[in-house]
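In short: position in the sequence shown from 1, add 3, done, that's the numbering used here. Cβ coordinates follow ideal geometry from the N, Cα and C atoms, glycine included. Input: a single structure, listed below in structure tokens.
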Amino acid sequence: MEIEPAKKYIYSDIELDREEGQVIEDLKAQSQQPIPDPDQWLDEELEQNILLTSVDALINWGRRSSLWTAICFPACCAFEMIAANGPRFDMARFGMEILRASPRQADLMITAGTLTWKMAPNVRRIYNQMAEPKWVIAMGACAISGGIFASAEYAVVPGYNRIIPVDVYVPGCPPRPEALIYGIQMLQKKIARRKNIDVRKILGR
Ligand code: SF4
Numbered sequence: 004m005e006i007e008p009a010k011k012y013i014y015s016d017i018e019l020d021r022e023e024g025q026v027i028e029d030l031k032a033q034s035q036q037p038i039p040d041p042d043q044w045l046d047e048e049l050e051q052n053i054l055l056t057s058v059d060a061l062i063n064w065g066r067r068s069s070l071w072t073a074i075c076f077p078a079c080c081a082f083e084m085i086a087a088n089g090p091r092f093d094m095a096r097f098g099m100e101i102l103r104a105s106p107r108q109a110d111l112m113i114t115a116g117t118l119t120w121k122m123a124p125n126v127r128r129i130y131n132q133m134a135e136p137k138w139v140i141a142m143g144a145c146a147i148s149g150g151i152f153a154s155a156e157y158a159v160v161p162g163y164n165r166i167i168p169v170d171v172y173v174p175g176c177p178p179r180p181e182a183l184i185y186g187i188q189m190l191q192k193k194i195a196r197r198k199n200i201d202v203r204k205i206l207g208r
């Protein structure tokens, strides 16, 4: 039977002992007092980190910071809407970078374009399928009043507010992305004032 040769270590036994001794001495130096009960730490942590707000303010903050837009852009204003989503205007700053193909996952409709009566039932169906609570921004002259087509063309809806409720109106033909972003900020202010919880109902009054 062959005997393995003795292993050679980088450090000598004396150096390793000295190293270990130093670790033990350091720990001893840090351990002169008993560690307090963890529950006391928790109290201290809570005192330093609690932020008081109302439930309404918290819910509204979450909602206005994560508006998801339904894809429903029937005409030319859509191109300014698309530009607003690009890196230059960067709608992601408002938590809005996600456009949803399914209305059930959307809570905002930006009506970017002319609407005809033939399309109107479909737009209303999309609105009805969106999750509650939901909001609408009428973008552009066509969305607000039918625009240049309303007086000359019987097939054009003279404003989306004939078929769905509109929260914010952004004028222009088309409005620039900056105008749309201003409209979004107005909507966010509106959402921030929303009352979600009826305390009287909870207390049974
Ligand atoms: S407002 Fe002007 S740009 Fe927008 S959909 Fe109407 S015609 Fe097109």
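Relative to the non-hydrogen atoms of the ligand SF4, the Cβ of Pro-136 never comes closer than 7 Å to any of them. Remark: the shortest separation between the CB of Ala-78 and any heavy atom of the ligand SF4 falls under 7 Å. For Ser-148, the CB contacts under 8 Å within the same chain, skipping 5 residues up- and downstream, are Pro-161 and Gly-162 in chain order. Cβ contact annotation for Lys-198 (same chain, cutoff 8 Å, sequence separation greater than five): Asp-59, in chain order. Of the residues assessed, Gly-24 falls on the exposed side of the cut-off, its CB having fewer than 16 other CB atoms within 10 angstroms.
Looking only at Arg-66, Ala-73 and Arg-107, the smallest Cα-Cα distance to Gly-98 is reached by Arg-66.
Residue burial is scored here from C-beta neighbours: Trp-120 has fewer than 16 other C-beta atoms within 10 angstroms and is therefore classed as exposed. Counting along the chain, Met-189 sits inside the alpha helix (DSSP H) bounded by residues 180 to 195. In this structure, Ile-113 has its beta carbon at no less than 7 Å from each heavy atom of the ligand SF4.
Annotation for Cys-75 indicates a beta carbon at 7 Å or more from all heavy atoms of the ligand SF4.
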